[in-house]
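Read left to right, the sequence shown gives residues 58 to 545 (the working numbering).
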Amino acid sequence: MKYIIGIDQSTQGTKALLFDEQGDLLGRADLPHKQIINEKGWVEHDPEEFYGNAIQVVRNVVEAAGIDKEDIAGVGISNQRETALAWDKDGKPVYNAIVWQCARGEAICGRIADGAEMVKEHTGLQLSPYFSAAKIAWILENVEGAREKADAGTLHYGTVDSFLVYRLTKGNSYRTDYSNASRTQLFNIRKLAWDQEICQLFGVPKKNLPEVTDSNGYYGETDFEGFLEHPVPIHGVMGDSHGALFGQGCLEKGMIKATYGTGSSVMMNVGETPVFSDSVVTSLAWGMDGKVNYVLEGNINYTGAVISWIQKDLHLIDSAAETEDLARQADPNDSTYVVPAFSGLGAPYWDSNAKAVICGITRTTRQAEMVRAALDCIAYQITDIVDVMRRDAGIEILELRVDGGPTRNKYLMEFQSDILNIPVQIPNAEELSGIGAAYAAGIGLGIYDREHIFQRMKRTKFAPSMTAATREQKKAGWKEAVSLVLTK
58 MKYIIGIDQS
68 TQGTKALLFD
78 EQGDLLGRAD
88 LPHKQIINEK
98 GWVEHDPEEF
108 YGNAIQVVRN
118 VVEAAGIDKE
128 DIAGVGISNQ
138 RETALAWDKD
148 GKPVYNAIVW
158 QCARGEAICG
168 RIADGAEMVK
178 EHTGLQLSPY
188 FSAAKIAWIL
198 ENVEGAREKA
208 DAGTLHYGTV
218 DSFLVYRLTK
228 GNSYRTDYSN
238 ASRTQLFNIR
248 KLAWDQEICQ
258 LFGVPKKNLP
268 EVTDSNGYYG
278 ETDFEGFLEH
288 PVPIHGVMGD
298 SHGALFGQGC
308 LEKGMIKATY
318 GTGSSVMMNV
328 GETPVFSDSV
338 VTSLAWGMDG
348 KVNYVLEGNI
358 NYTGAVISWI
368 QKDLHLIDSA
378 AETEDLARQA
388 DPNDSTYVVP
398 AFSGLGAPYW
408 DSNAKAVICG
418 ITRTTRQAEM
428 VRAALDCIAY
438 QITDIVDVMR
448 RDAGIEILEL
458 RVDGGPTRNK
468 YLMEFQSDIL
478 NIPVQIPNAE
488 ELSGIGAAYA
498 AGIGLGIYDR
508 EHIFQRMKRT
518 KFAPSMTAAT
528 REQKKAGWKE
538 AVSLVLTK
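Structure below.
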């Protein structure tokens, strides 16, 4: 028996997933890491902590399964995207990882705003502190010695995957994949290369960026800090949302998925030719076997995190599991809306100065109505992006495939299907990001067959039942609520 390990290094923690040679999940292990947030709202992670956790969760899942370590055939990695960090040649970070949620690069983006059109033309991305480029530029401008090391060529920087690969291979492999590269805002998605003009615009020396490799390519070998007697190949790397798209089997043009996590990514496969939009961004889905697929993508800062907010800060619930029953108890005529612009609004509005609002409250609005409004805002934000993709790609969308913890909430999935007016499908497997990276690794190693591995996945389907009039009324109320927070 051969086994594949998937490592998913996400915003909240790190997971190891163990798959057999049929692609079945045999076990998982998880460890959280600290969310470092200061008074300015800056968000960071300690790279040493999440790297150490990556090693430990692999040990934990292998030991719990009781398999022979000699039968491990390879590793795939999925990672939180846009989060950026820099490290010395010995692998030591020069600063904490700056998390995708952190908008500290806003002033840098404002300074180079005249180049916004070129940035969008070359990278497919709106000029925004959300992406990695401004975060790397901030490190070079504010961390003592970073600029000097970068100019001397002794500093490495990039996304979390490239750091993990570098450390896991003991510095022998400095690589990233097409999906992660396309989210840095430094990569030309037409020429499929780091963009010299964009690098100069941000003040980020191109020479220090990692080599870009196929998403199911070879990334070197690791023994997990001596846990394995013989090193195994890392043969798949993908950004988490791209891993979920792949894990969902969205391999054809027009297939679309939404990942519900702390934030959310809505991603549509648009095929081998890029499609551009003013409202959502264009990225690379992946590069495999020398070919790339493109995607339209919209990102939302706060979806699952809204549930954490009503639990931990508003104390409306004791656990996320309560939200489904409470939402069903809510008055169907209540008009409360929550617009969770806690760190601005991403796609399709792109307003980093927007502030959150709760509106439409009446004297009869209670706990249940507030909880339902918090759930509904997740579905509304997803719908905003899907509607834009329908329009700009000119592609009929037949269904939405979804994944992530909040998809366990049946009320939310019913409402999502209703407000979109298309079926929503949920796979019986969770952790699609890690599954996608592991499947890419297994395919790259010749263990899994690409045509058949996805056919084994069972799915639960929700179909729309809301009337057209109710749907339009609810969507109009949401649009009005959003208009209250927009500053441009």
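Note that beta-carbon positions come from the ideal geometry of N, C-alpha and C, so glycine has one too. Predicted model, so just to flag it, every value in this text is computed and none were measured.
Cβ-based neighbour list, residue i, same chain, cut-off 6 Å, excluding 5 preceding and 5 following
| i | result |
| --- | --- |
| Arg232 | Val222, Pro267, Glu268, Thr270, Tyr276 |
| Leu258 | Ile169, Gly172 |
| Phe284 | Arg116 |
| Asp87 | Gly70, Lys72 |
| Lys3 | For the chain, the structure presents residues 58 to 545; residue 3 sits outside this window and is missing. |
| Arg429 | Ala384, Ala387 |
Of the listed residues the options, nearest to residue i (C-alpha basis)
| i | options | result |
| --- | --- | --- |
| Gln2 | Ser409, Ser490, Leu432 | There is simply no residue 2 to check, as the chain begins at 58 and stops at 545 in what is shown. |
| Ile510 | Asp65, Ile64, Tyr60, Glu78 | Glu78 |
| Met446 | Met427, Tyr496, Asp335 | Asp335 |
| Met523 | Arg507, Glu471, Ala160 | Glu471 |
| Ile255 | Tyr351, Pro389, Ile64, Glu178 | Glu178 |
| Gly131 | His287, Asp252, Arg429 | His287 |
| Ile374 | Tyr359, Phe259, Met427, Met175 | Met427 |
| Tyr394 | Pro405, Ala377, Gly417 | Gly417 |
| Arg138 | Ser236, Asp449, Lys146 | Ser236 |
| Leu541 | Ala411, Thr380, Ala209, Lys59 | Ala411 |
| Ser490 | Gly98, Tyr505, Asn95, Ser135 | Ser135 |
| Gln113 | Asp81, Ser230, Leu225 | Leu225 |
| Glu174 | Glu537, Leu457, Val338, Gln368 | Val338 |
| Phe281 | Gly109, Gly462, Gln512, Met58 | Gly109 |
| Asp128 | Tyr60, Gly162, Ser67, Asp65 | Tyr60 |
| Asn95 | Ala160, Thr140, Ile500, Met58 | Ala160 |
| Ile93 | Leu82, Val156, Pro405 | Val156 |
| Ala486 | Gly304, Tyr187, Asn350, Lys91 | Gly304 |
| Val100 | Ile124, Lys126, Asp65, Tyr187 | Tyr187 |
| Glu354 | Asn326, Lys348, Ser376 | Asn326 |
| Leu457 | Asp433, Cys434, Arg448, Pro484 | Pro484 |
| Lys536 | Gly347, Asp441, Arg516, Gly493 | Asp441 |
Contacts around residue i, its chain only, beta-carbon distance under 7 Å, and the 5 residues preceding and following it disregarded
| i | result |
| --- | --- |
| Val261 | Ala190, Ile193, Ala194, Leu197, Leu243 |
| Gln473 | Ala436, Ile439, Val481 |
| Glu381 | Asn466, Lys467, Tyr468 |
| Gly84 | Leu75, Val118, Ala121, Ala122 |
| Pro89 | Gln69, Gly70 |
| Ala398 | Ala411, Lys412, Ala413, Val542 |
| Arg528 | Asp475, Ile476, Asn478 |
| Gln253 | Lys263 |
| Phe107 | Gln66, Thr71, His90 |
Contact set for residue i: own chain, Cβ-Cβ below 8 Å, skip 5 residues either direction
| i | result |
| --- | --- |
| Trp144 | Pro104, Pro150, Val151, Leu212, His213, Tyr214, Phe220, Tyr223 |
| Ile291 | Gly131, Val132, Gly133, Ile134, Val222, Leu225, Thr226, Ser230, Tyr275, Tyr276, Gly277, Glu278, Thr279, Ala498 |
| Gln386 | Ala425 |
| Ala250 | Phe244, Val269 |
| Ala203 | Ala143, Val151, Tyr152, Ile196, Leu197, Leu212 |
Residue(s) in a DSSP beta bridge with residue i
| i | result |
| --- | --- |
| His213 | Trp144 |
| Pro150 | Trp144 |
| Cys416 | Tyr394 |
| Lys532 | Looking at the DSSP assignment, Lys532 forms no beta bridge with any residue, so it has no partner. |
| Met345 | Lys348 |
| Asn466 | Looking at the DSSP assignment, Asn466 forms no beta bridge with any residue, so it has no partner. |
| Gly401 | Phe399 |
| Gln66 | Thr71, Asn136 |
Boundaries of the alpha helix (DSSP H) in which residue i is found, first to last residue
| i | result |
| --- | --- |
| Asn237 | 235–238 |
| Gly300 | 297–304 |
| Ile492 | 489–501 |
| Glu508 | 507–510 |
| Phe333 | Premise fails: Phe333 is in no alpha helix (DSSP H) and is neither H nor E. |
| Ser185 | Taken as a continuous stretch (DSSP letters only), Ser185 belongs to no alpha helix (DSSP H), as it is neither H nor E. |
| Ala173 | 173–180 |
| Phe259 | 253–259 |
| Glu163 | 163–168 |
| Gln242 | No alpha helix (DSSP H) contains Gln242, which DSSP labels as neither H nor E. |
| Thr380 | 380–386 |
CB-CB length for residue i against residue j, believed under 8 Å
| i | j | result |
| --- | --- | --- |
| Asp460 | Thr316 | 6 Å |
| Ile357 | Ser321 | 4 Å |
| Gly181 | Ile246 | 5 Å |
| Ser272 | Asp234 | 4 Å |
| Gly311 | Glu453 | 7 Å |
| His299 | Trp343 | 6 Å |
| Val584 | Ala431 | Only positions 58 to 545 of the chain appear in the structure, and residue 584 is not among them; the question remains open. |
Terminal residues of the beta strand (DSSP E) in which residue i lies
| i | result |
| --- | --- |
| Asp460 | 457–460 |
| Gly70 | 70–76 |
| Ile124 | Unbroken run through Ile124: none, as it is neither H nor E. |
| Thr517 | 516–519 |
| Asp87 | 82–89 |
Cβ-heavy atom distance, residue i to the ligand FMN, below 7 Å
| i | result |
| --- | --- |
| Ser340 | Although the ligand FMN was asked about, the structure shown includes no ligands whatsoever. |
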